[in-house]
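Asker: Take this structure, written in structure tokens, and hold onto it; I'll ask about it next.
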Amino acid sequence: MTAVPSAVPVELRPVEEFCNSATLLHHTDALATAESGREWLVEHGWDGAITPERLAALRDAREVVRAFLTDRTDPAARSELNRLAHVCCGSPSIDDDGQLALTPPATHEHSPAAAAVGALLLHGLSGSGRRLRTCASDECRWVFYDSSRSQTRTWCDMNTCGARSKMRRYRDRLT
Numbered sequence: 000m001t002a003v004p005s006a007v008p009v010e011l012r013p014v015e016e017f018c019n020s021a022t023l024l025h026h027t028d029a030l031a032t033a034e035s036g037r038e039w040l041v042e043h044g045w046d047g048a049i050t051p052e053r054l055a056a057l058r059d060a061r062e063v064v065r066a067f068l069t070d071r072t073d074p075a076a077r078s079e080l081n082r083l084a085h086v087c088c089g090s091p092s093i094d095d096d097g098q099l100a101l102t103p104p105a106t107h108e109h110s111p112a113a114a115a116v117g118a119l120l121l122h123g124l125s126g127s128g129r130r131l132r133t134c135a136s137d138e139c140r141w142v143f144y145d146s147s148r149s150q151t152r153t154w155c156d157m158n159t160c161g162a163r164s165k166m167r168r169y170r171d172r173l174t
């Protein structure tokens, strides 16, 4: 969608890449078909083996993460993310360096869903991870990193989604 390099920190990039495998504004989804799903997986360094069940599970996981990023206070979104985290990441543990570690079950250890959920759990719930959010446009919902000083950015792109929203509000005032 955007030609501008991502501002997201490298540790949060799996979340952004996974969620943005669908560009809702342009009605494209890299995980829509087995062929496009295989291409996306390989392009992003994952095993390209794809089944209809794996494809559906990836799409579902992506939307769970996106829903959580849209509204972190929504109990249903948190519950679904917790369920997905348990399935994808297993139980947390402390590694040899004293850091929180996630050991995905064998069925999910090489999954973009596990990488995205793991990155969200390890880096995305506090600090700079709070800047990871979705565009406020219901038609877009692109995941972006808010690098603004005020940390109040609403739109993925002011020239597209922000301008459309402002025009809608302007037209509504005229009618």
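Numbering (numbering that gives the first Met the number 0), first residue to last: 0 to 174. Beta carbons: idealized from backbone N, C-alpha and C, even for Gly.
According to DSSP, is R152 part of a helix, a strand, or is it coil?
Answerer: Your numbering for residue 152 matches position 153 in the sequence shown. Here R152 sits in coil by DSSP.
Asker: What do you get for R172, buried or exposed, if any count of 16 or more other CB atoms within 10 angstroms of its CB means buried?
Answerer: Counting from 1 along the sequence shown, the entry for residue 172 is found at position 173. Per the 10 Å Cβ criterion, exposed.
Asker: Roughly how far, in whole angstroms, is the beta-carbon of G126 from the beta-carbon of L101, given that I think they are within contact range, below 8 Å?
Answerer: The residue given as residue 126 occupies position 127 in the sequence shown. The residue given as residue 101 occupies position 102 in the sequence shown. Wrong, their Cβ atoms sit about 18 Å apart, outside the cutoff.
Asker: A2: buried (16+ other C-beta within 10 angstroms of its C-beta) or exposed?
Answerer: Here residue 2 corresponds to residue number 3 of the sequence shown, with the count starting at 1. For A2, the pLDDT reaches just 44, beneath the cut-off of 50, and the residue's location in the model is therefore unreliable, although a value from the coordinates is still provided. Exposed, because fewer than 16 other Cβ atoms sit within 10 Å of the Cβ of A2.
Asker: Measure the Cβ-Cβ separation of L40 and C88 and say whether it is below 8 Å.
Answerer: Reading the sequence shown from its first residue, position 41 is the one you call residue 40. Reading the sequence shown from its first residue, position 89 is the one you call residue 88. No, they are not a contact pair.
Asker: Report yes or no: do three or more beta-carbon pairs, one from the segment 62–72 and one from the segment 33–48, lie closer than 8 Å?
Answerer: no
Asker: For T22, name the three-state secondary structure that DSSP assigns.
Answerer: The residue labelled residue 22 in the question sits at position 23 within the sequence shown. Strand, per DSSP.
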